[in-house]
Structures are given as C-alpha cells and as structure tokens.
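First comes the structure, then the notes that go with it.
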Amino acid sequence: MLETLLRAFWLTFPALTANSFAVLTGGGLPIDMGRTWKDGRRILGDGKTWRGLAGGIVLATLVGMVEQVLAMSYPADFNAAYAETYVAAFPIVLAMASAAMAGDALGSFIKRRMGKERGESVPLMDQLLFLLIVFLCLAVLFPEFFVEHYLYPEVLIGLPVITYLLHRGSNLAAYIIGVKSVPW
Ligand code: CTP
Ligand code: MG
Numbered sequence: 033m034l035e036t037l038l039r040a041f042w043l044t045f046p047a048l049t050a051n052s053f054a055v056l057t058g059g060g061l062p063i064d065m066g067r068t069w070k071d072g073r074r075i076l077g078d079g080k081t082w083r084g085l086a087g088g089i090v091l092a093t094l095v096g097m098v099e100q101v102l103a104m105s106y107p108a109d110f111n112a113a114y115a116e117t118y119v120a121a122f123p124i125v126l127a128m129a130s131a132a133m134a135g136d137a138l139g140s141f142i143k144r145r146m147g148k149e150r151g152e153s154v155p156l157m158d159q160l161l162f163l164l165i166v167f168l169c170l171a172v173l174f175p176e177f178f179v180e181h182y183l184y185p186e187v188l189i190g191l192p193v194i195t196y197l198l199h200r201g202s203n204l205a206a207y208i209i210g211v212k213s214v215p216w
C-alpha cells in the first residue's frame with residue numbers, strides 16, 4: 033500500500049515541480065496578452081505568463097528525465113515504470129507537466145470568473161485542481177499506465193494529501209526567500 037503510494041509519488045513528482053519552476057522562470061508577456069473576458073475581468077491575469085508556462089513544462093519534463101536516468105541506474109520496484117525505456121516515459125512526463133500547467137491556468141481562469149484578483153487564494157483549488165487535471169490527462173492519454181499506477185484508493189486520496197502539504201510548504205518557502213509575494 034505504501035509502496036503503491038510511494039511509486040505514484042515518484043511518477044507524479046515532475047508534475048508537482050512544474051508550478052515552482054513557473055514561479056522561478058515566469059514574467060514578461062501574460063498568456064492572455066492582457067485581454068479580458070466577457071465579464072470585463074482578465075482572462076487569466078498577469079500571474080500566468082508564457083515564460084512561466086514554458087519554463088514549467090520544460091524544467092518539469094527535465095526532472096522526469098533525470099528520474100528516468102536514476103531509475104535506469106538504480107532499478108527498484110517503485111520506479112519500474114520509469115526504468116523501461118527512455119523513450120517510453122518521455123511522452124508521459126511531457127503530458128503530465130503540460131497538464132499541471134494547464135490545470136494551474138484553469139485555476140486562474142476560474143478565480144478570475146469568481147472575481148478574485150491575482151494571487152488571491154482559493155483553498156484546495158489552488159493546491160489540487162492541477163493534480164486533478166494531471167489525473168484526468170493520464171487516464172485519457174495513458175489509460176494502462178493510469179490503471180496500473182494510479183487507480184488505488186491510497187493513491188487517489190494519499191497523493192492529493194501529500195500534494196496539498198508540499199504545495200503549502202513550498203509556497204511558504206518561496207515567500208520566505210522572497211520569490212513569491214504571498215505565502216500561498
Ligand atoms: N507564473 C508564471 N506563469 C505561469 C504560472 C506561474 O509566470 N504559467 C509565475 C507568476 O509570476 C505568478 C507566480 O508564478 O505570479 C505564482 O504562480 P501562481 O500562484 O500560480 O499565480 P498567482 O500570481 O497566484 O496568480 P493566480 O491568482 O492567477 O493564481
Ligand atoms: Mg497563487
């Protein structure tokens with residue numbers, strides 16, 4: 033049971049790093065190019081930039097590739113899924129990283145529609161919507177992989193709990209070292 037959760041965490045780890053990389057690489061042109069929605073508010077807001085999107089996807093995918101190299105060098109049960117071939121994991125990791133950033137942007141879209149300003153928090157959605165989108169993306173694009181590694185109660189419940197705690201912790205750390213203006 034713990035093994036299954038540990039494996040899912042290891043497999044999902046690249047997606048969990050995507051937003052932190054976006055914080056580090058973000059800035060410049062907003063994805064919505066400053067445009068507004070029908071309600072007169074920004075589509076996504078200045079907190080979602082092309083640089084952050086690209087940085088998040090590329091660097092998170094790189095994390096997955098590093099994991100893969102580690103998995104091939106130190107094969108263990110829990111990383112067997114990444115130990116297969118370099119090529120096999122790449123599309124999964126890329127999809128996961130992209131889904132994480134898409135989920136993050138979807139969260140901003142919903143927040144703007146709720147009338148929340150950039151950086152305002154919506155508890156649970158801020159930390160977990162992206163993971164839900166990652167799960168959905170894996171289930172649709174890589175159903176066998178999803179069923180084999182994610183379709184367990186301990187994963188579907190445990191991974192969101194771990195993600196929530198890590199998200200809160202890393203944002204607090206980013207706030208303390210000054211790369212984020214609010215601690216959430
Ligand atoms: N960021 C970025 N591009 C992205 C995602 C994040 O540039 N696609 C950067 C922005 O500098 C953003 C920071 O990472 O301010 C923190 O990300 P997040 O908390 O997701 O954005 P918020 O600023 O809180 O904006 P929102 O209210 O839309 O979530
Ligand atoms: Mg935020």
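For our numbering, add 32 to where a residue sits in the sequence shown, where the first one is 1.
For each residue, glycine too, the CB sits at the ideal point set by N, CA and C.
Check                                                                                                                                                                     : Outcome
Have a look at Leu204, Ala171 and His199 and flag the residue whose alpha-carbon is nearest the alpha-carbon of Leu188.                                                   : Ala171
According to DSSP, is Pro155 part of a helix, a strand, or is it coil?                                                                                                    : coil
So, do the region 88-101 and the region 48-59 have three or more beta carbon pairs nearer to each other than 8 Å?                                                         : yes
Using 7 Å as the threshold, is the C-beta distance between Leu76 and Ala137 below it?                                                                                     : yes
By the DSSP assignment, the alpha helix (DSSP H) with Ile89 in it spans what residues?                                                                                    : Trp82 to Ser105
Tell me which residue opens and which closes the alpha helix (DSSP H) that Thr195 is part of.                                                                             : Pro185 to Ile208
Specify the secondary structure class of Pro123 as computed by DSSP and reduced to three states.                                                                          : helix
Go ahead and pull the three-state DSSP assignment for Arg39.                                                                                                              : helix
Round the Cβ separation of Ala92 and Ala129 to the nearest angstrom and send it over; I've been treating them as touching at under 8 Å.                                   : 4 Å
At which residues does the alpha helix (DSSP H) containing Glu180 begin and terminate?                                                                                    : Pro175 to His181
Can you list, in chain order, the residues of its chain with a C-beta nearer than 6 Å to that of Gly190? Leave out the 5 residues immediately preceding and following it. : Leu37
Any heavy atom of the ligand CTP closer than 6 Å to the beta-carbon of Arg150?                                                                                            : yes
Excluding five sequence neighbours on each side, which residues of the same chain lie with their C-beta closer than 8 Å to the C-beta of Gly59?                           : Thr81, Arg83 and Gly84
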